[in-house]
Every structure is written in C-alpha cells, then in structure tokens.
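Number of protein chains: 2
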Amino acid sequence: MNTTPIKITLIGHGNVGSHLAQYLNASGVHISHVFSRSENKAQKLSERYGSLVTSNFNDLPAHQLCLVCVNDHSIHEVISQLNENTPVAYTSGSVPLSNFERNGETGVFYPLQTFSKGKQLDISEVPFLIEASSKALGEQLFSLASMLSKKVVYANSTERSKLHLSAVWTNNFTNHMMHIAEKYALQNNVDFTLLKPLLNETVRKLDYLSPLNAQTGPARRNDDSIIQEHASQLNGIDKELYLLISKSIQNTYSKDEEL
Amino acid sequence: MNTTPIKITLIGHGNVGSHLAQYLNASGVHISHVFSRSENKAQKLSERYGSLVTSNFNDLPAHQLCLVCVNDHSIHEVISQLNENTPVAYTSGSVPLSNFERNGETGVFYPLQTFSKGKQLDISEVPFLIEASSKALGEQLFSLASMLSKKVVYANSTERSKLHLSAVWTNNFTNHMMHIAEKYALQNNVDFTLLKPLLNETVRKLDYLSPLNAQTGPARRNDDSIIQEHASQLNGIDKELYLLISKSIQNTYSKDEEL
Numbered sequence: 062m063n064t065t066p067i068k069i070t071l072i073g074h075g076n077v078g079s080h081l082a083q084y085l086n087a088s089g090v091h092i093s094h095v096f097s098r099s100e101n102k103a104q105k106l107s108e109r110y111g112s113l114v115t116s117n118f119n120d121l122p123a124h125q126l127c128l129v130c131v132n133d134h135s136i137h138e139v140i141s142q143l144n145e146n147t148p149v150a151y152t153s154g155s156v157p158l159s160n161f162e163r164n165g166e167t168g169v170f171y172p173l174q175t176f177s178k179g180k181q182l183d184i185s186e187v188p189f190l191i192e193a194s195s196k197a198l199g200e201q202l203f204s205l206a207s208m209l210s211k212k213v214v215y216a217n218s219t220e221r222s223k224l225h226l227s228a229v230w231t232n233n234f235t236n237h238m239m240h241i242a243e244k245y246a247l248q249n250n251v252d253f254t255l256l257k258p259l260l261n262e263t264v265r266k267l268d269y270l271s272p273l274n275a276q277t278g279p280a281r282r283n284d285d286s287i288i289q290e291h292a293s294q295l296n297g298i299d300k301e302l303y304l305l306i307s308k309s310i311q312n313t314y315s316k317d318e319e320l
Numbered sequence: 062m063n064t065t066p067i068k069i070t071l072i073g074h075g076n077v078g079s080h081l082a083q084y085l086n087a088s089g090v091h092i093s094h095v096f097s098r099s100e101n102k103a104q105k106l107s108e109r110y111g112s113l114v115t116s117n118f119n120d121l122p123a124h125q126l127c128l129v130c131v132n133d134h135s136i137h138e139v140i141s142q143l144n145e146n147t148p149v150a151y152t153s154g155s156v157p158l159s160n161f162e163r164n165g166e167t168g169v170f171y172p173l174q175t176f177s178k179g180k181q182l183d184i185s186e187v188p189f190l191i192e193a194s195s196k197a198l199g200e201q202l203f204s205l206a207s208m209l210s211k212k213v214v215y216a217n218s219t220e221r222s223k224l225h226l227s228a229v230w231t232n233n234f235t236n237h238m239m240h241i242a243e244k245y246a247l248q249n250n251v252d253f254t255l256l257k258p259l260l261n262e263t264v265r266k267l268d269y270l271s272p273l274n275a276q277t278g279p280a281r282r283n284d285d286s287i288i289q290e291h292a293s294q295l296n297g298i299d300k301e302l303y304l305l306i307s308k309s310i311q312n313t314y315s316k317d318e319e320l
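Order-wise, the sequence lines are chains W and B.
So the first sequence is residues 62 to 320, counted in the numbering used here.
So the second sequence is residues 62 to 320, counted in the numbering used here.
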C-alpha cells in the first residue's frame with residue numbers, strides 16, 4: 062500500500078480552483094503548495110489544506126505537478142513564470158495545448174461543469190477531459206481525475222473546444238433564458254416558483270426524448286399570432302431574442318407536416 | 062361517501078388532452094363523452110375510458126362540464142358549436158376569457174407544464190391556473206384540478222398570459238438551446254451524453270442560486286475573444302443567436318466590477 066500521498070501545487074483559487082482543491086483534498090491528494098497574492102486567502106488555504114502558501118513563483122517545487130486554475134487570458138502569463146521543467150496542467154475548455162512551447166510537460170485537466178461559490182456538487186459525475194504533451198503526463202492527469210470522477214476521457218484541443226461550445230449552449234444560454242424568465246416574472250408580479258416544475262420536467266424529458274422531439278410551444282406550433290403577442294410585451298434585446306429564438310425554432314421544424 | 066363519479070366531456074386528444082384524460086381517469090373522474098372525428102381514435106378512447114365517442118356535437122350532454130383541449134386557434138370555433146348552456150373550460154395559456162360571450166359558464170383549466178406523447182410525469186407537481194366566468198364554475202374547476210395536483214391557483218387572464226410567456230423562456234427556449242447543443246455535437250462527432258451532468262447541475266443550481274447569480278462562462282466573463290472564436294465555428298441563425306445571447310448576457314452584467 063502506497064502511504065505517500067500525491068502532492069500537487071495549485072495556482073488560482075476562483076470558482077474552478079477552489080472546488081477542485083476541495084475535492085482533491087477530500088480524495089487524499091495533498092495540495093502542498095498554493096500560489097496566492099492575497100494574504101487573507103493564503104491564511105485560509107494554509108489552515109484548510111496544510112499548504113505552504115506563497116506569492117513568489119520561485120518558492121514552488123520545480124518538479125511537482127502544478128494545477129493552473131486561472132482564467133483563459135492569464136494561463137500563458139502564469140505558466141511563463143514557472144520553472145521551465147515544472148509539469149503543468151490547466152483547466153480551460155478553450156485554450157489549445159499547442160499554445161505552449163516549453164521544456165516541461167504541459168497538459169489539460171478540464172472539468173466539464175459549472176462551478177459556483179458555495180454550491181457543492183457530485184464531482185464523481187463530472188466529466189474530465191484530459192490532454193497532455195507527453196504520454197506520461199496524460200496518464201498522470203487521467204489517474205488524478207479518476208480519483209475524483211467516474212467519467213474521465215482523453216480529448217484533443219479541437220474536441221475539447223467543440224465540447225466547450227456545446228457546453229455554452231447547455232449551461233450558460235439555458236441559464237440566461239431562466240434569468241430572463243425570472244426577470245420578467247418579477248417585473249410583472251408573477252410567482253416564479255410556479256415555473257420550477259416546468260423547468261425540472263424540461264430536463265427530465267431529455268432522458269426519454271431528444272430536444273428535437275421534446276419541443277412544444279407557440280414557435281413549435283408555428284403560431285405567429287401568439288409570438289407577436291408575446292413580443293409586444295417585451296422590449297429591447299429581450300424582444301429581439303424572443304423573436305430570433307422563435308424564428309430559429311420555426312426554421313427547425315419548417316419541413317414538418319405536423320404542427 | 063359520494064359514490065357517483067364526477068363526469069366530464071372531453072374535446073381534443075393531442076398532447077394536453079390525452080395526458081389530462083389519463084390523469085383524470087386515474088383520479089376517478091369519468092370521461093363519459095369524447096368528441097372525436099377519428100374512428101380509430103374513437104375506438105381506442107371508448108375502450109380505454111368507457112367513453113361514448115361521437116363526431117356530432119349534438120350528442121354531447123348539454124349540462125355537463127366540457128373540457129376543451131384543442132389548440133388556441135380552434136377554441137373559439139369548437140366552443141361555438143357547443144350548446145349555449147354547456148359549462149366549458151379550455152386549457153390555453155394565452156387565450157383570454159373575455160374572448161367568449163355566451164350564456165353558459167366559461168372557464169380556464171390551464172396546466173403549466175410541457176406534455177409529450179408517451180412521457181409520463183408527476184401530475185401532482187404540475188401547477189394548474191384556474192379562471193372562470195362564475196364563482197361556481199371557478200370552484201368546480203379548482204376542485205377538479207385539486208384531484209390531480211397539489212398546486213392549484215386562481216389566475217386572471219393577464220396573470221396567466223404573463224406566466225405563459227415566462228414558460229416559453231423556461232421550457233421552449235431552454236429546450237431549443239439544448240437542441241442546438243446536440244445538433245452541433247452530432248455534426249462534430251462530440252459525445253453529447255458528456256453534457257448531461259452539466260445540464261442537470263444547471264438546473265439543480267437554481268435551488269440554491271438565482272439564475273442571475275448562477276451564470277458562468279465566456280459572456281459572463283466578458284471574454285470577447287472566446288465569443289468570437291465560438292461564433293466563427295457557427296453559421297447562419299445559430300451564429301446570430303450565439304452572438305445575440307452573448308450580448309444579452311454581457312449587458313446583464315455590464316455594471317458589475319467582478320468578471
């Protein structure tokens with residue numbers, strides 16, 4: 062039995078970094094070093110994970126896997142500050158691995174999920190997409206992800222980018238639809254909680270039907286008079302959106318006989 | 062103990078009508094008469110519910126509640142064919158009660174839910190919105206809906222119409238986002254099932270956070286370079302939609318400091 066815990070270095074403690082730190086720690090991985098410029102955060106992380114927290118890149122161990130959980134635009138800059146030989150993995154859905162040319166191994170450790178502060182989730186159900194510049198790092202990252210999740214897959218940068226774009230529709234855009242629904246309900250003193258069962262059923266339905274076959278409503282029925290009536294109740298970009306999404310639904314089913 | 066079952070007449074056997082018939086029947090309501098022009102359907106309904114099925118409006122009982130589950134554009138025509146004194150309720154989210162001027166009582170029995178053929182659901186969780194031209198019919202419909210659901214409320218035509226518009230965003234538009242995600246995934250050989258945990262979490266999150274606070278992703282981070290990169294992978298109305306929804310998200314958070 063291997064009694065030496067896996068050690069990693071963590072950079073970035075936003076939504077993704079803080080969730081991963083917590084789940085990795087719970088899986089027995091020791092986050093031995095954390096890079097942070099905030100003294101307040103440093104204190105908390107040090108207490109929570111027994112990490113050595115530093116604001117100096119030179120204090121990080123040169124040959125230990127470093128997980129970089131910063132936003133897409135900062136990844137390059139952060140990695141360039143690290144020792145050339147440090148094995149690195151970043152957590153972005155969009156940034157291609159070919160962006161990096163370095164001596165050390167470089168990889169991707171991308172959880173296909175939406176993380177919000179304070180909202181726990183079942184990490185074992187979260188797909189992880191793995192890519193690496195070497196077979197050895199790929200296997201190391203695959204094995205690390207498998208400590209957290211049942212759904213670990215290798216995906217190259219193109220596949221990952223396409224999944225990321227699909228994820229934007231799946232999460233960001235559906236969530237924004239809900240935001241507009243809630244905003245409209247609040248503006249009009251409508252009880253938004255009445256819509257919760259509808260939202261739940263919308264998703265449950267997709268266990269049985271494809272979204273293509275699950276569609277209902279005015280645009281699906283090609284009911285222009287209701288669409289116009291609804292649009293007349295909206296303003297600005299909400300109205301534009303209502304009409305464009307309705308048009309897109311109408312186009313999708315325009316060859317169908319049955320309305 | 063009342064041993065005489067409630068009897069109703071049913072017109073319309075599409076998604077809404079067939080689901081309601083089934084749940085009402087299971088709750089002990091006797092669908093004594095069904096109007097149908099299809100002989101095939103008539104036979105099935107007659108067997109399933111012990112209904113007398115007719116294609117002649119004059120065969121329907123004049124003083125028995127008639128549930129009209131037809132599409133919005135046919136409601137007026139159907140009701141005009143019925144005996145002037147027949148109490149009627151229709152199931153539309155949009156058609157105002159003031160559209161009808163008749164001797165008989167007229168009401169609304171609107172289930173705020175998406176029904177698809179062959180997909181069962183828990184009717185006890187479905188909100189029913191009730192409105193009627195008389196207090197007596199209102200109470201009758203409220204009581205009928207309460208046999209099916211724990212969530213029955215009175216709502217006037219304006220409130221119902223506003224909830225219906227919110228429901229379009231909640232269900233139809235979120236479902237269409239999922240359709241585009243799936244279409245894009247299929248076109249690009251991406252495994253769509255990897256996105257299911259993300260969709261589930263998107264909805265679960267809303268038990269804890271408002272959609273406003275749950276938002277993540279490129280538009281939320283105001284990341285124009287990823288938005289443009291994604292848009293370049295899309296065509297036609299999908300591209301238009303991607304850019305307009307992203308713009309709407311960016312507008313929503315444009316006054317925030319934190320990205």
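C-beta: ideal position from N, C-alpha, C; glycine also.
Practice task
Report the rounded CA-to-CA distance for D285 of chain W versus G168 of chain W, giving the unit in angstroms.
Solution key: Here residue 285 of chain W refers to the residue found at position 224 when the first sequence is read from its first residue. Here residue 168 of chain W refers to the residue found at position 107 when the first sequence is read from its first residue. Near 50 Å, if we compare the C-alpha coordinates of G168 of chain W and D285 of chain W.
Practice task
Quick one: grab the DSSP three-state call for T70 of chain B.
Solution key: As a position in the second sequence, residue 70 of chain B is number 9, starting the count at 1. T70 of chain B: strand per DSSP, three-state reduction.
Problem - Neighbour flag for G393 of chain B against chain W, beta carbons, 8 Å - result: There is simply no residue 393 of chain B to check, as chain B begins at 62 and stops at 320 in what is shown.
Handout entry: Terminal residues of the beta strand (DSSP E) in which E192 of chain B lies
Key = Here residue 192 of chain B refers to the residue found at position 131 when the second sequence is read from its first residue. Looking at the DSSP string, the run of the beta strand (DSSP E) that includes E192 of chain B is F189 to A193.
Problem - Where the alpha helix (DSSP H) containing S207 of chain W begins and where it ends - result: Numbered from 1 along the first sequence, position 146 holds the residue referred to as residue 207 of chain W. From DSSP, the alpha helix (DSSP H) with S207 of chain W extends over K196 to L209.
Exercise for the section: Return no unless some Cβ of chain W is closer than 8 Å to the Cβ of R109 of chain B. Expected result: By one-based count along the second sequence, residue 109 of chain B stands at place 48. No, its Cβ sits nowhere closer than 8 Å to a Cβ of chain W.
Practice task
Using beta-carbon positions only, say whether R282 of chain B and N233 of chain W come within less than 8 Å of one another.
Solution key: Walking along the second sequence from the start, residue 282 of chain B turns up at place 221. Walking along the first sequence from the start, residue 233 of chain W turns up at place 172. Not in contact: R282 of chain B and N233 of chain W (Cβ atoms no closer than 8 Å).
Problem - Short Cβ contact (8 Å threshold) for L173 of chain W with L224 of chain W - result: Numbered from its first residue, the first sequence carries residue 173 of chain W at position 112. Numbered from its first residue, the first sequence carries residue 224 of chain W at position 163. In contact: L173 of chain W and L224 of chain W (Cβ atoms closer than 8 Å).
Handout entry: Ranges of the alpha helix (DSSP H) found wholly within the segment 124 to 191 of chain W, counting only runs of at least 4
Key = 133 to 142
Handout entry: L147 of chain B and A123 of chain B closer than 8 Å at C-beta
Key = Position 86 of the second sequence, counting from 1, holds the residue named residue 147 of chain B. Position 62 of the second sequence, counting from 1, holds the residue named residue 123 of chain B. A small fix is needed here, since residue 147 of chain B is Thr in this sequence, not Leu. Yes; because the gap between Cβ atoms is below 8 Å, this pair is in contact.
Problem - Status (buried if at least 16 other CB within 10 Å, exposed otherwise) for T231 of chain B - result: Counting from 1 along the second sequence, the entry for residue 231 of chain B is found at position 170. Buried, by the Cβ-count rule.
Practice task
Tell me whether N312 of chain W counts as near the ligand GTP, meaning its Cβ is closer than 7 Å to at least one heavy atom of that ligand.
Solution key: For the structure depicted, the ligand GTP is absent and the ligand set is empty, with no information on it obtainable.
Exercise for the section: Between the Cα of D133 of chain B and those of B:Y84, B:G73 and B:I92, spot the shortest distance and give me the residue it belongs to. Expected result: To locate residue 133 of chain B, count along the second sequence from 1; it is residue 72. For D133 of chain B, the nearest C-alpha among the options comes from B:G73.
Practice task
Kindly indicate if chain B contains any beta-carbon less than 8 Å away from that of D285 of chain W.
Solution key: If you number the first sequence from 1, residue 285 of chain W lands on position 224. False, the Cβ-Cβ gap to chain B never drops below 8 Å.
Exercise for the section: Report back the beta-carbon spacing between E192 of chain W and A216 of chain W to the nearest angstrom; my notes put them in contact at under 8 Å. Expected result: Along the first sequence, one-based indexing puts residue 192 of chain W at 131. Along the first sequence, one-based indexing puts residue 216 of chain W at 155. Confirmed, Cβ separation roughly 6 Å.
Handout entry: Test: Y269 of chain B CB closer than 8 Å to a CB of chain W
Key = Walking along the second sequence from the start, residue 269 of chain B turns up at place 208. Yes, Y269 of chain B counts as interfacial toward chain W.
Handout entry: Chain-ordered chain B contacts of A150 of chain W [CB-CB under 8 Å]
Key = Numbered from its first residue, the first sequence carries residue 150 of chain W at position 89. Simply none; closest approach about 19 Å.
Handout entry: Short Cβ contact (8 Å threshold) for S79 of chain W with S93 of chain W
Key = Locating residue 79 of chain W in the first sequence gives position 18, counting from the first residue. Locating residue 93 of chain W in the first sequence gives position 32, counting from the first residue. Result no, Cβ atoms of S79 of chain W and S93 of chain W do not sit closer than 8 Å.
Practice task
Step through the CB atoms of chain W and report whether any lies within less than 8 Å of the CB of I69 of chain B.
Solution key: Position 8 of the second sequence, counted from the start, is the residue given in the question as residue 69 of chain B. By this cut-off, I69 of chain B is not an interface position.
Handout entry: Cross-strand partners of L113 of chain W (DSSP beta bridge)
Key = On the first sequence, position 52 is the one that residue 113 of chain W refers to. Per DSSP, W:H94.
Exercise for the section: Starting from the beta carbon of Y314 of chain W, find every residue of chain B whose beta carbon is closer than 7 Å, and list them in chain order. Expected result: Position 253 of the first sequence, counting from 1, holds the residue named residue 314 of chain W. Going along chain B, no residue has its Cβ under 7 Å from Y314 of chain W, so there is no contact; the nearest lies around 10 Å.
Practice task
Within the same chain, show all residues whose beta-carbon is closer than 6 Å to that of L247 of chain W, passing over the 5 residues directly before and after it, in chain order.
Solution key: Counting from one through the first sequence, the residue named residue 247 of chain W turns up at place 186. No residues qualify anywhere along the chain.
Problem - Selection from B:L128, B:G154, B:S155 and B:P157 that minimises the alpha carbon distance to L143 of chain B - result: The residue you call residue 143 of chain B lines up with position 82 of the second sequence. When each option's Cα is compared against that of L143 of chain B, the closest is B:L128.
Handout entry: Cutoff 8 Å: L260 of chain W Cβ touching any chain B Cβ
Key = In the first sequence, counting from the first residue as 1, residue 260 of chain W sits at position 199. Yes, L260 of chain W lies at the interface with chain B (some Cβ there is under 8 Å from its Cβ).
Practice task
Tell me whether P66 of chain B is buried or exposed, calling it buried when 16 or more other Cβ atoms sit within 10 Å of its Cβ.
Solution key: Reading the second sequence from its first residue, position 5 is the one you call residue 66 of chain B. Exposed.
Practice task
Compare the C-beta of E186 of chain W against all C-beta atoms of chain B and say whether one is closer than 8 Å.
Solution key: Along the first sequence, one-based indexing puts residue 186 of chain W at 125. Answer yes: the Cβ-Cβ gap between E186 of chain W and chain B drops below 8 Å somewhere.
Problem - Test item: CB-CB of R221 of chain B and L190 of chain B under 8 Å - result: Here residue 221 of chain B refers to the residue found at position 160 of the second sequence. Here residue 190 of chain B refers to the residue found at position 129 of the second sequence. At a Cβ-Cβ threshold of 8 Å, R221 of chain B and L190 of chain B count as neighbours.
Problem - Where Q174 of chain W meets chain B, residues with beta-carbon distance less than 8 Å - result: The residue given as residue 174 of chain W occupies position 113 in the first sequence. By Cβ distance, chain B contributes P258, L259 and E262.
Practice task
Report, in whole angstroms, the separation of the C-beta atoms of L305 of chain W and P188 of chain B, which I expect to be a contact under 8 Å.
Solution key: Counted from its first residue, the first sequence places residue 305 of chain W at position 244. Counted from its first residue, the second sequence places residue 188 of chain B at position 127. No, L305 of chain W and P188 of chain B are not in contact; Cβ-Cβ is about 28 Å, not under 8 Å.
Handout entry: Extent of the continuous alpha helix (DSSP H) run through V264 of chain B
Key = In the second sequence, residue 264 of chain B corresponds to position 203, counting from 1. Counting along the chain, the alpha helix (DSSP H) containing V264 of chain B begins and ends at K257 to R265.
Problem - Nonlocal neighbours in the same chain, by C-beta distance under 7 Å from I310 of chain B, ignoring five residues either side - result: By 1-based counting over the second sequence, the position of residue 310 of chain B is 249. Cβ neighbours of I310 of chain B beyond the five flanking positions: Q276, A280 and R281.
Handout entry: Coil, strand or helix - V213 of chain B by DSSP
Key = By 1-based counting over the second sequence, the position of residue 213 of chain B is 152. In this structure, V213 of chain B counts as strand in the three-state DSSP scheme.
Handout entry: Beta-carbon proximity check, L259 of chain W vs A228 of chain B, cutoff 8 Å
Key = Here residue 259 of chain W refers to the residue found at position 198 when the first sequence is read from its first residue. Here residue 228 of chain B refers to the residue found at position 167 when the second sequence is read from its first residue. Pairing L259 of chain W with A228 of chain B gives a Cβ-Cβ distance under 8 Å.
Problem - Rounded straight-line distance, which links the Cα of K212 of chain W to that of A87 of chain W - result: To locate residue 87 of chain W, count along the first sequence from 1; it is residue 26. To locate residue 212 of chain W, count along the first sequence from 1; it is residue 151. Rounded to whole angstroms, A87 of chain W to K212 of chain W spans 18 Å at the Cα level.
Handout entry: R98 of chain B at chain W interface by Cβ criterion, 8 Å
Key = Within the second sequence, the letter at position 37 stands for residue 98 of chain B. Not closer than 8 Å to any Cβ of chain W, the Cβ of R98 of chain B fails to qualify, so no.
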